[in-house]
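One line per chain: the protein sequences are A and B, in this order.
Residues in the first sequence are numbered from 0 upward in steps of one, following numbering that gives the first Met the number 0.
Residues in the second sequence are numbered from 0 upward in steps of one, following numbering that gives the first Met the number 0.
Backbone N, C-alpha and C fix where the C-beta goes; we use that ideal spot for every residue, glycine too.
Everything numeric in this text was worked out from a predicted model, so none of it was measured.
Accompanying notes for the structure given below.
Number of protein chains: 2
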Amino acid sequence: MPPNSEGTDLAGQEHSCNDCVLFSLCFAQDINPDERERLNGVIRRRQGVHRSAHLHHGGQSARQLAVLRSGSIKAYQVSREGDELVTGFYLPGDVIGLDAFSTGEHAGSAVALEECRLCEIPVNDFNKMLGESPRLNQVMLRLLAEEMAEARRLLLVVGRLDARTRVALFLLSLSRRLERRGLDPDLFRLSMDRRDIANYLGLTIETVSRTLSALQRDGVIHVRGKNVRIVDRRALSELAHLDESSRPQRAAG
Amino acid sequence: MPPNSEGTDLAGQEHSCNDCVLFSLCFAQDINPDERERLNGVIRRRQGVHRSAHLHHGGQSARQLAVLRSGSIKAYQVSREGDELVTGFYLPGDVIGLDAFSTGEHAGSAVALEECRLCEIPVNDFNKMLGESPRLNQVMLRLLAEEMAEARRLLLVVGRLDARTRVALFLLSLSRRLERRGLDPDLFRLSMDRRDIANYLGLTIETVSRTLSALQRDGVIHVRGKNVRIVDRRALSELAHLDESSRPQRAAG
DNA sequence: CGTCTCTTTGAATGGTATCAAACCCGGTGG
DNA sequence: CCACCGGGTTTGATACCATTCAAAGAGACG
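Structure representation (C-alpha cells):
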C-alpha cells in the first residue's frame, strides 16, 4: 500500500523524504534518488508514540530501522545485575536501531522521553536494499562508525573527568545538537530527568543537581527544573575544554 | 608480486589463510572460499614489527586493514589536550584499522607492545572487494558492531565500577581472550605496562598497583612485575560480577 | 488541596588522586 | 664483580571530590 494520500495531514507530516524538513539531517540525503524513492515506498510514518513507550527492548529481534522525526528518545542497556546504563539520547534526524545490525537482535533498549514521531523502515525491506546497494552499505558503515566515535567520546567523559566538566560537556553537546536542528542553542528544555543525566554521565543524581546549582551560582547557566539557559557560553566552554588543569590525572600521556 | 615463494619460512609463517593456525579466530573464515582466495592474493604478510613501532596514527589516511598474527598492540587516541586515551589491546586474530572505515582516516593510533607479525590488506584492494561482496560488507558491519559492544562494555567498567572490580574485569577479560587463543588462561604475561592498564581502566598507576597488590594479599592472584597467575578464579569472578554490592550506585536502575 | 515524585540542599563517610619516597630490576661502565 | 644509574613499580601519608544518608523543598497531577 502506498503511503496514505487521503486523510488529514498533521502539521509537519510529510509523505516524501524530499519534502521533509529534516532532510538535511537524515541519512536519506546520502543515498541516490532512485534508492530514496524506493525507501519512500516502504517507510511507515508513525506518530503518537507517547512518553515512556518502548521502541524496542534489548535482546528483541529487530523489526525496523527508524529515524526520529520529533521528540526525543533514551537509549540504554540493562546489565546482568538488572540496573540501567544510559548510553545516549536521540534527537530528530537520528537513526535508531543500528545496535541490531550485527546479530539481528537489539543490543539495548530505546524508550521515548516525550511524544515522538518516527519514520520506520521494516528490516526485511531494508536488508533487501542493503544486499543490492553497496552505497547504502557504506552509509550504514559510516553511521555505525559515528556511533562508535560517540561511544569513545563518552568513554573519555565518563571515566576521566570531574563532575563539573562532565556536566559542562553534556550541556554543550546538547546545545550544539539542538542548534544544528535549527533550535535555540542557549535556551532549551531537558527532556530527560536528573536520574538519566546522572546515569549517562556516570554520576549520582545529587552530584548532577549540585553541579547544576554551582554552575548557576557562578553565573554560567540558569536552571529551573528542566529548563536551562546558557548565560556564559565562553565560561562553559572553558570548563568543558579543560583549559584549566583542575582534573584528575588518571595516567594520561 | 605474489607472496614470496622462495626464501626461508619462519616458524608459523603460512602463505594461505587455509593453513593459518589463526583461521578459526580470523574474519577470513566468514567469507566464501572464492573471496578468500582473492584475499590471499592481495595480503601482505609482514613480520619484524618491533616494540613501540606504530601501525598508524590518528588522522592518518588508511593504507591497509590488518589482522594481527602474533604479538600485541595498543590502541589509543590523543585528546585535544595532548594526553593519551587507551581504548583497547589487540591480540592475535584481531582486526586492526576498522576505525578508519567511515572517513578513510584513522580515528586513533595503534602501536606494537612487543614484536608483531601481521597480515595486511591494502585498502584499495579491500574496498574493491567490499563493492562487489555484500557478504563481506555484512562481515565488516558485524566486526564494527562488536567493537561497538566492546566500547560499551568498557564504558560501564570505566565509569561506574570501583578500582578493584575494574582490575578484576580486566584480568578476566584478558584471561578469557588468551584462552580462546589456546594459551594458558591462568598464567600469562602482561605486555602492557601499568601506565597503559591504568589509562585503559580510567585509574592512576598507583591505584592499579595497589589493587594488584591487594588482590595478591587476598590470595586471588599472584603478581610479579608483568607476570600474572590467577590463583582463585572463582573469587576473581565474584569480584568482577559485582556479586557483592560494594560499588558506587551512580543512578542505576 | 493533598499526595507522589522529582529535585535540591546539608553533613558525614570513603575511595581514589596526589605527593613523596623507597624499591626492584636490567643495563652500563668502571 | 660491583657501583651506579634510570625506568618502571610499589608503598605510605594526606587531601579532596563524589557518594551516601538524610531531610526539606518544588512541581505535577488528580
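For the segment 183-203 of chain B, the set of residues with a beta-carbon nearer than 9 Å to any beta-carbon of chain A comprises Arg-193, Arg-194, Asp-195, Ile-196, Ala-197, Asn-198, Tyr-199, Leu-200, Gly-201, Leu-202 and Thr-203, in chain order. In the structure shown, A/Glu-113 adopts coil according to DSSP, grouped into three states. With respect to the 7 Å criterion, A/Gly-58 and A/Glu-114 are not classified as neighbours on the basis of their beta carbons.
Taking C-alpha positions only, B/His-49 is separated from B/Met-191 by approximately 14 Å. Taking the beta carbon of A/Val-222 as reference, no residue of chain B falls within 7 Å; the closest one sits roughly 18 Å away.
A/Glu-83 has A/Val-77 as its beta-bridge partners, per DSSP.
Exposure of B/His-56 is indicated by the presence of fewer than 16 other C-beta atoms within 10 angstroms of its C-beta. Burial check for A/Asn-136: the Cβ neighbour count within 10 Å reaches 16 or more, so the residue is buried. Per DSSP, reduced to three states, the secondary structure at B/Ser-15 is coil, with no helix or strand assignment. In the DSSP assignment, B/Pro-121 is bridged to B/Gln-63.
Chain A has a Cβ within less than 7 Å of the Cβ of B/Met-147. Residues of chain A whose Cβ lies closer than 7 Å to the Cβ of B/Ala-144 are, in chain order, Phe-100, Ser-101 and Leu-143.
Excluding its 5 nearest sequence neighbours in each direction, A/Ala-109 has C-beta neighbours in its own chain below 6 Å: Leu-54, His-55, Ile-72, Ala-74 and Ile-95, listed in chain order. With a 10 Å radius around the Cβ and a threshold of 16 neighbouring Cβ atoms, B/Pro-32 comes out exposed. Straight-line measurement puts the Cα of B/Arg-223 at about 49 Å from the Cα of A/Arg-176.
The continuous alpha helix (DSSP H) containing A/Asn-198 extends over residues 193-200. At a C-beta separation below 8 Å, A/Gly-130 has these neighbours in chain B: Pro-133. For B/Asn-31, the three-state secondary structure derived from DSSP is coil.
The contact set of B/Val-157 on chain A, defined by CB atoms closer than 7 Å, consists of Leu-154, Val-157 and Gly-158 in chain order. Here B/Ala-65 is buried: its Cβ has 16 or more other Cβ atoms, across all protein chains shown, within 10 Å.
In the three-state scheme derived from DSSP, where H, G and I count as helix and E and B as strand, B/Phe-88 is classed as strand.
Residue pairing for B/Leu-186: DSSP places it in a beta bridge opposite B/Arg-228. The criterion of a C-beta distance shorter than 7 Å is satisfied by A/Arg-165 and A/Val-156. Rounded to whole angstroms, the separation of the alpha carbons of A/Val-77 and A/Gly-40 is 35 Å. What B/Ala-150 touches in chain A, judged by beta-carbon distance under 7 Å, is Met-147, Ala-150, Arg-151 and Leu-154, going in chain order.
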